[in-house]
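Read through the structure below, which is laid out as structure tokens, and then see the notes.
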Amino acid sequence: MQGGRNLKSILLSKWTKRILFLACLVPFAILLWRILHSDLGPNPVQFVEYTTGRWTLRFLAITLAIAPARRILRLPELIRFRRMTGLFAFFYVCMHFLSYLGIDKYFMWDQIWSDIHKRPYIIAGFTGFVLLIPLALTSTAWSIRWLGGKRWRMLHRLIYLTAVAGVIHYYWQVKSDKRAPLFYAAIFGALLAWRVGEWFFKRARKSLAAEARAPRTSATN
Amino acid sequence: MFLKKSPYSTDDEITPKEVYFNRRKFLAGMGIAGAAALAGREAWKFATPAASADPQAKLSFVPGSYSTKEKITPFKDVTHYNNFYEFGTGKSDPARNAGRMVTSPWTVSVEGEVKNRRKYSLAEIEKLAPLEERIYRHRCVEGWSIVVPWIGYSLGAILRLAEPTPKAKYVAFQSYFNPAVMPWAASAGISFPYVEGLRLDEAMHPLTLLSVGMYGEALPNQDGAPVRIVLPWKYGYKSIKSLVKIRLVAEQPPTTWNEYSSSAYGFYSNVNPGVDTVPWSQAYEHRLGQGLFARPIPTRIFNGYGDQVASLYRGMDLRKYH
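Protein chains in written order, with the working numbering: chain A, 2 to 222; chain B, 62 to 383.
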């Protein structure tokens, strides 16, 4: 199809990747603009923490959505963008953690230490952050070769734990209106359910294929 | 149209009057504090509420006691960062939505274990005792705080007129609730109407304020118009807004947040950095309106009003009775 080939060539173009990179930076750019213009509302610390936290969850969701999108839309080229969106999730979580350390806790290490080992919602958030670090460090093609595809894929499944930790971190902070964290829980739930479904489907296909290849030893009639 | 500057704000914080006024009758008498300007500031960044075009309802008052010398929080911050879940759970939702609430006519009924049950109109409430301005610190359980120049008088004045019977041990409060005007209440997660309560001695304490105004004028809707309670030594959710009922009772009354989670939100809810009942630390607080890089403030027990109220809790285990 002419249209399909055009879309694929757009996805493969290096300009698409650059434009998407800039698009991923837009939330951060808007935040910076707001900081420079003191347009953060009455509680600027909370605004920065919430904005960076929400974008972390969104980029985690986008990253996890690429595999199903490739399959459902029949666009395997989308894989090119997954490292970028994953690293942006890491970028936003770093900004989130930094804002917590610097402007919320003002680098009061005794308070931070107390939070990290006493408060469940902080433990959940910190866990999610820490789990992403090895993923960011092994995001290069070189790392895939060094670890081997299978081990790399296993390591990068940690992103599921980060997503869960992030939702729990959000849920435990909200006082009574749990709709926003539940919304993210639903999104991640659907994305994980798709993967579980895929895994079962693959296993079923594999066993069917193995049966088809194996010669029948039972009596035929 | 006069353009007098309020002493509480710099040019940056002056907001157009139409934007924050609730629907109220104009009160005679000039407030000492003067009025906020009617400058049409387009640099005003926050959502405008569904405003009514009431003339300024300035209040006549005198400086009261217990005022702090700390810097008063800008009016625009106090009117655009609110927890008033009936109008939405987002901090800027009440400013946007509370304009729908009709605050005139208004009735506050005093009932229960009292000799004199009666209903008060807002005009009667305002005339019951001399109005004072009290600059109180206000500490939210979420970890932020503000300094607000409230206008009102001690709740004790109205309670003494009611003459509580010997059976009265507690005071229960109820907030205005109208689902037609407050459709957001259904998804807020807490139950309505919003109720609160105090021990009788807490309610009779001079620090407990029955407030009808702030910053020299009538309360904006999102801040609990037209009359509310202010309890500066407790977490903010105990300072019930848009008061309609005061009831003297013999048993400890239910309170909305305590019903939601009794482990997190106790009946007393005294500000206490040493007692953490919610998921986050109460050791520090962020004072609003001071910018992104302001240092957090160490929270003080009883929000710094220990000299006035600590005696109420002498001998009480503050962790058990939080």
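C-beta atoms are modelled at their ideal positions from N, C-alpha and C, and glycine is treated no differently.
Close to Tyr-107 of chain A, with beta-carbon spacing below 7 angstroms, are these residues of chain B in chain order: Arg-356 and Pro-357. For Val-339 of chain B and Ala-325 of chain B, the gap between their C-alpha atoms comes out near 5 angstroms.
Distance between Trp-34 of chain A and Thr-17 of chain A, taken at the CA atoms: about 25 angstroms. The residue among B:Glu-203, B:Thr-164 and B:Gly-258 with its C-alpha nearest the C-alpha of Ser-177 of chain A is B:Glu-203. Interface flag for Ala-344 of chain B against chain A is set, since a Cβ pair is found closer than 8 angstroms.
Closest in alpha carbon position to Leu-133 of chain A, among A:Phe-92, A:Asp-111 and A:Leu-102, is A:Phe-92. Taking a 10 Å sphere around the C-beta of His-170 of chain A, we find 16 or more other C-beta atoms and assign the residue as buried. The Cβ atoms of Glu-193 of chain B and Phe-122 of chain B lie closer than 8 angstroms to each other. The CB of Arg-72 of chain A never comes closer than 7 angstroms to any CB in chain B; the least such distance is about 35 angstroms. Relative to the Cα of Phe-328 of chain B, the nearest Cα in the group B:Met-243, B:Asp-154 and B:Lys-299 belongs to B:Lys-299. Of the residues B:Arg-308, B:Glu-131 and B:Gly-160, the one whose Cα lies closest to the Cα of Phe-148 of chain B is B:Gly-160. Phe-234 of chain B carries a strand assignment under DSSP once its states are collapsed to helix, strand and coil.
For Thr-150 of chain B, the neighbours in chain A by C-beta distance under 7 angstroms run, in chain order, Asp-178.
Tyr-276 of chain B carries a coil assignment under DSSP once its states are collapsed to helix, strand and coil.
Fewer than three Cβ pairs drawn from the stretch 179-192 of chain B and the stretch 235-251 of chain B lie within less than 8 angstroms of each other, which leaves the two stretches out of contact.
Per DSSP, reduced to three states, the secondary structure at Asn-143 of chain B is coil, with no helix or strand assignment.
As the crow flies, the alpha-carbon of Gly-198 of chain A is around 28 angstroms from that of Arg-146 of chain A. Interface residue (Cβ-Cβ distance to chain A less than 8 angstroms): Pro-244 of chain B is not classified as such. Listed as beta-bridge partners of His-347 of chain B by DSSP are B:Trp-205. The C-beta of Trp-143 of chain A has fewer than 16 other C-beta atoms within 10 Å across all chains shown, which makes the residue exposed. DSSP, reduced to helix, strand and coil, places Val-332 of chain B outside both helices and strands of the structure shown, so it counts as coil. In the three-state scheme derived from DSSP, where H, G and I count as helix and E and B as strand, Pro-121 of chain A is classed as helix. Only those residues of the stretch 35-55 of chain A whose C-beta falls short of 8 angstroms from the nearest C-beta of chain B are listed: Ile-36, Ser-39, Asp-40, Leu-41, Gly-42, Pro-43, Asn-44, Pro-45, Val-46, Gln-47 and Val-49.
Under DSSP, the beta-bridge partners assigned to Trp-211 of chain B are B:Arg-195 and B:Met-275. Excluding residues up to 5 positions away in sequence, Tyr-122 lie with their Cβ nearer than 6 angstroms to the Cβ of Gln-174 of chain A in the same chain. Here the C-alpha atom of Pro-43 of chain A lies approximately 5 angstroms from the C-alpha atom of Gly-350 of chain B.
Taking a C-beta distance under 8 angstroms as the contact criterion, Asn-364 of chain B and Val-332 of chain B qualify as a contact pair. Rounded to the nearest whole angstrom, the C-alpha separation of Lys-228 of chain B and Glu-257 of chain B is 19 angstroms. For His-199 of chain B, no CB of chain A lies under 8 angstroms from its own CB, so it is not counted at the interface with that chain. The straight-line gap separating the alpha-carbon atoms of Gln-47 of chain A and His-141 of chain B is approximately 14 angstroms. Relative to the Cα of Arg-154 of chain A, the nearest Cα in the group A:Arg-84, A:Lys-106, A:Gly-167 and A:Ser-208 belongs to A:Arg-84.
Buried is the label assigned to Lys-137 of chain B, since at least 16 other Cβ atoms lie within 10 Å of its Cβ. Not a single CB atom of chain B sits nearer than 8 angstroms to the CB of Tyr-101 of chain A. Taking C-alpha positions only, Leu-183 of chain A is separated from Gly-54 of chain A by approximately 15 angstroms.
If you check each beta-carbon in the stretch 118-141 of chain A against every beta-carbon of chain B, the ones closer than 9 angstroms belong to Lys-119, Arg-120, Pro-121, Tyr-122 and Ile-123.
Put simply, of B:Arg-361, B:Ser-128, B:Leu-309 and B:Lys-381 the residue whose alpha carbon is nearest the alpha carbon of Ala-233 of chain B is B:Leu-309.
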